[in-house]
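Everything on this sheet refers to the single structure shown next.
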């Protein structure tokens, strides 16, 4: 049984709130430093243009294709308060991630003790996967903040006052109007309320009333700008995510809402190998958290207190519904590692309970934890600075098992036998390493190979340890997963992670456009960040290039011929986003545009093409004919 008093009995020399303040300060410092070097993700510009167009008086969704309206509103407020720049906008996910850190502490402390809350907050504050995405303008961090607050209010409502459940539903609806996949929140909550068996009808009605109140207000606001059928088939309808896809498969979706290139269930252009790799990377970055959550359900680990059981049950429904929705998203569109961060709050609550329970050695637990954190950060930092070579799956296993062995021996001598532990680890790495190589020869995808190899390693260590039972296996394996995450994160996660353009490239491109263009001049590009930073207009008032996949833009070439953009920017993503029209665009560029600037220093060279007058274009063509 998990004893709340036992967990928090750490000779309270330091007040938990002071520790939380230090955690927040460390998280803030790391993020602020990273902001100076973080490269630009292709989606950031489109999100920023959504906010800028709203500030200019246009209505998201109604007047232009955009992200969800509450997200655009919050982003617009940050631009209004801090200035219309990329750096100002990046404060939004940064602040949201620190807010999540505080809420995780409150959730953990309320139901499991301050130690659990502090562990959850510490991991979320400093985990490389979270840090790197909390400095990019994306929807996930704000969604997670609202989701975590919604769950906190829900559990509070079951204990103290039913009206908190109403506000829980309200926040869940706001999360949907930040990010559509947050639809897992009402599903998880209603399932939990049914299983909790406490005033089921009353609590479900209160929650649904809170959720629908936001939905109703949103629809009423948009009825001034859109017809009701348009709203029902738009992203403003919470059922849109499933409804539109079902109608698409049945061939009943109205033509104007169809994806032109969508045939069958999977739409848009993410390659399945990239989808599987994203799952693999996300699991590897967070491996110790996943193992910690699973370890909670090993024999004699599950909490028996009513409040603790209720909190764990809610976390399980929260996690399960989020995973199921993103499995659907994976099958239909694809997956990115930032999506995995939405699983982290419930995973951390579950995992932190198990971690604190495993660190209950009197007098050594917090010293061990501090040393483990320093080792993790040292591995990550040294690898980022000095060693960028991937050793492969077997190499990562050898490194993580070896580091875990040394760490374990240092902490447990002389109680643990050096020879017995070394033999155990040697057997584990031999069997799992051989399995990894064999599965690779069989052509198994890295995601499935990774899951199988980690499972094989655990089973092998368990079987080998049955002989003498002198090794604290769960603690040892947790260290293996902990250091695996450190090595793997250190190899992949840095300022350029999932980003393609450097800040220097952005400054040069935006500087040229600002100096040589007018606010009404339109830019066509794959990344919209150039349009936002320069203050110019997006082509055809479309911030998101993926909107051109939709059926209403099927006649793109005719629109281009009638109204060509002043600037075309080939940034490495333009070719991908306009692949269907690539040949036509290249032809138009050759006839009517001239290259005026080429900027290197990013993943792709950024070339700016500027429209020339038709008479000059004709002269250029005449000159080419004479030369021939």
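Residue numbers (my numbering): 1350 to 1977. Built from N, CA and C at the ideal position, the CB exists for glycine as well. Just so we're clear, the structure is a prediction, and the values are computed from it rather than from any experiment.
Looking at the structure shown, is residue 1821 part of a helix, part of a strand, or coil, going by DSSP?
coil
Quick check: what's the CA-CA separation for residue 1938 versus residue 1901?
24 Å
Backbone CA spacing between residue 1721 and residue 1837 [nearest angstrom]:
16 Å
Could you compute how far the alpha carbon of residue 1875 sits from the alpha carbon of residue 1432?
24 Å
Would the stretch 1514–1527 count as touching the stretch 1543–1562 if we require 3 or more Cβ pairs under 8 Å?
yes
Along the chain, which unbroken stretches of the alpha helix (DSSP H) at least 4 residues long are found entirely within the stretch 1373–1428?
1393–1404
Sub-9 Å separation of residue 1449 and residue 1458 beta-carbons:
no
What separation, rounded to the nearest whole angstrom, lies between the Cα atoms of residue 1523 and residue 1821?
45 Å
For residue 1936, three-class secondary structure by DSSP:
helix
In angstroms, rounded to a whole number, what distance separates the CA positions of residue 1445 and residue 1494?
6 Å
Quick one: Cα of residue 1497 to Cα of residue 1526, how far?
A straight line joining the alpha-carbon of residue 1497 with that of residue 1526 spans about 15 Å.
Could you check whether residue 1484 and residue 1439 sit closer than 9 Å to each other, using their CB atoms as the reference points?
yes
List the whole-angstrom C-beta distance separating residue 1958 from residue 1942, where the pair is believed to meet the contact cut-off of C-beta under 8 Å.
Here residue 1958 really is in contact with residue 1942; their C-beta atoms are around 4 Å apart, less than 8 Å.
Cα-Cα separation between residue 1831 and residue 1377, rounded to whole angstroms
Computed Cα separation, rounded: 23 Å.
Verify whether the separation of the beta carbon atoms of residue 1674 and residue 1532 is less than 9 Å.
Cβ atoms of residue 1674 and residue 1532: closer than 9 Å.
Among the candidates 1504, 1480, 1421 and 1916, whose CA atom is the shortest distance from the CA of residue 1962?
1916
Give the secondary structure of residue 1970 by DSSP, where H, G and I count as helix, E and B as strand, and everything else as coil.
A caution first: residue 1970 carries a pLDDT of 40, below 50, which makes its placement in the model too unreliable to give a value.
Rounded straight-line distance, which links the Cα of residue 1694 to that of residue 1659:
Counting only the Cα atoms, residue 1694 lies some 16 Å from residue 1659.
Taking the C-alpha atoms as reference points, what is the distance between residue 1422 and residue 1688?
Cα to Cα, residue 1422 sits roughly 22 Å from residue 1688.
Beta carbon of residue 1914 nearer than 9 Å to that of residue 1388
Not in contact: residue 1914 and residue 1388 (Cβ atoms no closer than 9 Å).
Span of the beta strand (DSSP E) around residue 1960
1955–1960
What distance in whole Å lies between the Cβ atoms of residue 1878 and residue 1888, which are believed to be in contact at a cut-off of 8 Å?
Contact flag wrong, Cβ pair sits at about 14 Å.
Does the beta-carbon distance from residue 1756 to residue 1834 come in below 9 Å?
Between residue 1756 and residue 1834, the gap from beta carbon to beta carbon reaches 9 Å or more.
Every unbroken beta strand (DSSP E) within the stretch 1846–1926, with a cutoff of 3 residues, ordered by chain
Secondary structure within the stretch 1846–1926: the beta strand (DSSP E) runs of 3 or more consecutive residues, fully enclosed, are 1871–1874 and 1916–1919 (chain order).
By DSSP, does residue 1793 sit in helix, in strand, or in coil?
coil
First and last residue of the beta strand (DSSP E) that includes residue 1944?
1942–1948
Contact under 9 Å by Cβ, residue 1454 with residue 1365
yes
If we ignore side chains and look at the alpha-carbon of each, how far apart do residue 1730 and residue 1839 end up?
7 Å
Near residue 1367, what residues of its chain come up, given a Cβ to Cβ distance below 6 Å and the 5 sequence neighbours on each side ignored?
none
Beta-carbon proximity of residue 1849 to residue 1390, cut-off 9 Å:
In contact: residue 1849 and residue 1390 (Cβ atoms closer than 9 Å).
Please state whether DSSP places residue 1465 in a helix, a strand or coil.
Collapsing the DSSP output to three states places residue 1465 in a helix.
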